[in-house]
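J.:
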Amino acid sequence: SQQGEEDPQALSIQEGENATMNCSYKTSINNLQWYRQNSGRGLVHLILIRSNEREKHSGRLRVTLDTSKKSSSLLITASRAADTASYFCATRGSNYKLTFGKGTLLTVNP
Amino acid sequence: NAGVTQTPKFQVLKTGQSMTLQCAQDMNHEYMSWYRQDPGMGLRLIHYSVGAGITDQGEVPNGYNVSRSTTEDFPLRLLSAAPSQTSVYFCASSYIEGTGGANVLTFGAGSRLTVL
Numbered sequence: 001s002q003q004g005e006e007d008p009q010a011l012s013i014q015e016g017e018n019a020t021m022n023c024s025y026k027t028s029i030n031n032l033q034w035y036r037q038n039s040g041r042g043l044v045h046l047i048l049i050r051s052n053e054r055e056k057h058s059g060r061l062r063v064t065l066d067t068s069k070k071s072s073s074l075l076i077t078a079s080r081a082a083d084t085a086s087y088f089c090a091t092r093g094s095n096y097k098l099t100f101g102k103g104t105l106l107t108v109n110p
Numbered sequence: 001n002a003g004v005t006q007t008p009k010f011q012v013l014k015t016g017q018s019m020t021l022q023c024a025q026d027m028n029h030e031y032m033s034w035y036r037q038d039p040g041m042g043l044r045l046i047h048y049s050v051g052a053g054i055t056d057q058g059e060v061p062n063g064y065n066v067s068r069s070t071t072e073d074f075p076l077r078l079l080s081a082a083p084s085q086t087s088v089y090f091c092a093s094s095y096i097e098g099t100g101g102a103n104v105l106t107f108g109a110g111s112r113l114t115v116l
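Those protein sequence lines, which keep their order, are chains A and B. Residue numbering for the first sequence follows the numbering used here, beginning at 1 and increasing consecutively. Residue numbering for the second sequence follows the numbering used here, beginning at 1 and increasing consecutively.
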């Protein structure tokens, strides 16, 4: 069964607005990662947060992690049309496997 | 630097046929894995490997076979294709940074398989 579940399944916003996606998971993790997938392409790694971290920033991306609630959020600030893509969270437990959620489809309208 | 290369990009099979999806990486990554992506299902792990000669099953291994004879290559074999195996397949690799490590994946471009 899949570990992570993203919410919402789809999100449509206007350029310049912020986009927030959430990820919930079931078991303890070593780290949580976010990936982006443009239509018809492979996934690209965006940002990683370890289980002992609460918040990380990378450019316009901000990730938070709440291990007590087993949840994470990805915030994209000042969205651009080029941010239109599917976003996936992936969790790594004590082994080496990365388990992905079903993704959030973000559409940024010009 | 090619990264992760998957071949073929597209393939159409008839039910019962066998085929191999090829995956090669030139980054000397220890970890390699295969995922399938279906609409509404996200990515599901089929098989993975932590080094040459070592493979293990993921969430959905039935109907697939893998081997890892070299660090660079990790082929995925469909033994007897079924329509349920129609999907987009992704190969991904990473360094292994230990039990507390990052394991950040580099993905190939994908192979779209249709089984009639």
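For every residue, glycine included, the Cβ atom is placed at its ideal position computed from N, Cα and C.
Could you tell me which chain B residues have their CB closer than 9 Å to the CB of K102/A, listed as they occur along the chain?
T.: As a first step, residue 102/A is located in the first sequence; it is residue number 102 there, counting from the start. Going along chain B in sequence order, the residues near K102/A (Cβ under 9 Å) are G40, M41, G42, L43.
J.: In whole angstroms, give me the CA-to-CA distance for L65/A and S94/A.
T.: Here residue 65/A refers to the residue found at position 65 of the first sequence. Here residue 94/A refers to the residue found at position 94 of the first sequence. Going from the Cα of L65/A to the Cα of S94/A covers about 18 Å.
J.: Could you tell me which residues DSSP pairs with D83/A in its beta bridges?
T.: Against the first sequence, residue 83/A aligns to sequence position 83. Partner(s): none; D83/A has no beta bridge.
J.: Would you kindly report the start and end of the unbroken beta strand (DSSP E) that includes T99/A?
T.: Here residue 99/A is taken as the residue at index 99 of the first sequence, counted from 1. Per DSSP, T99/A belongs to the beta strand (DSSP E) from 98-100.
J.: How far does the beta strand (DSSP E) with E5/A in it extend, from its first residue to its last?
T.: Indexing the first sequence from 1 puts residue 5/A at position 5. Taken as a continuous stretch (DSSP letters only), the beta strand (DSSP E) holding E5/A covers 5-7.
J.: Which stretch, first to last residue, makes up the beta strand (DSSP E) that contains T77/A?
T.: For the purposes of this step, residue 77/A is taken as the residue at position 77 of the first sequence. Counting along the chain, T77/A falls outside any beta strand (DSSP E), and DSSP gives it neither H nor E.
J.: So is A90/A buried or exposed if we call it buried at 16+ other beta carbons inside 10 Å?
T.: One-based indexing of the first sequence puts residue 90/A at position 90. By the neighbour-count rule (16 or more Cβ atoms within 10 Å), A90/A is buried.
J.: Taking CB distances under 7 Å as the criterion, tell me whether V104/B reaches chain A.
T.: Here the question's residue 104/B lines up with position 104 in the second sequence. Yes, contact with chain A.
J.: If you measure from the beta carbon of G93/A to each beta carbon in chain B, is any gap under 7 Å?
T.: Taking the first sequence and counting its residues from 1, one reaches residue 93/A at position 93. False, the Cβ-Cβ gap to chain B never drops below 7 Å.
J.: Touching or not, the stretch 78-86 of chain A and the stretch 37-50 of chain A, by the rule of three or more beta carbon pairs under 8 Å?
T.: The stretch 78-86 of chain A, when compared against the stretch 37-50 of chain A, does touch it at the 8 Å Cβ threshold.
J.: For the stretch 32-48 of chain A, enumerate the residues whose C-beta is nearer than 9 Å to any C-beta of chain B, in chain order.
T.: Under the 9 Å Cβ criterion, the stretch 32-48 of chain A contributes Q33, Y35, Q37, G40, R41, G42, L43, V44, H45, L48.
J.: Going by the DSSP bridge assignment, what does L43/A pair with across the sheet?
T.: Stepping through the first sequence from its first residue, residue 43/A is reached at position 43. The partner list for L43/A (beta bridge, DSSP) reads Q37/A.
J.: Compare the C-beta of A109/B with all C-beta atoms of chain A and state if any pair is closer than 7 Å.
T.: If you number the second sequence from 1, residue 109/B lands on position 109. Chain A contact via Cβ: present.
J.: Can you confirm whether the stretch 86-98 of chain B touches the stretch 12-27 of chain B when touching is taken to mean that 3 or more C-beta pairs between the two stretches lie within less than 8 Å?
T.: Counting Cβ pairs under 8 Å, three or more are found: they touch.
J.: Would you mind telling me which residues of chain B sit closer than 7 Å to L98/A, beta carbon to beta carbon, in chain order?
T.: One-based indexing of the first sequence puts residue 98/A at position 98. N103, L105, listed in chain order.
J.: Is the distance from the Cβ of Q33/A to the Cβ of L11/A below 7 Å?
T.: Along the first sequence, one-based indexing puts residue 33/A at 33. Along the first sequence, one-based indexing puts residue 11/A at 11. No, these two residues do not count as a Cβ contact at 7 Å.
J.: Quick check: the stretch 23-41 of chain B against the stretch 95-104 of chain A, are at least 3 beta-carbon pairs closer than 8 Å?
T.: Yes, the stretch 95-104 of chain A touches the stretch 23-41 of chain B.
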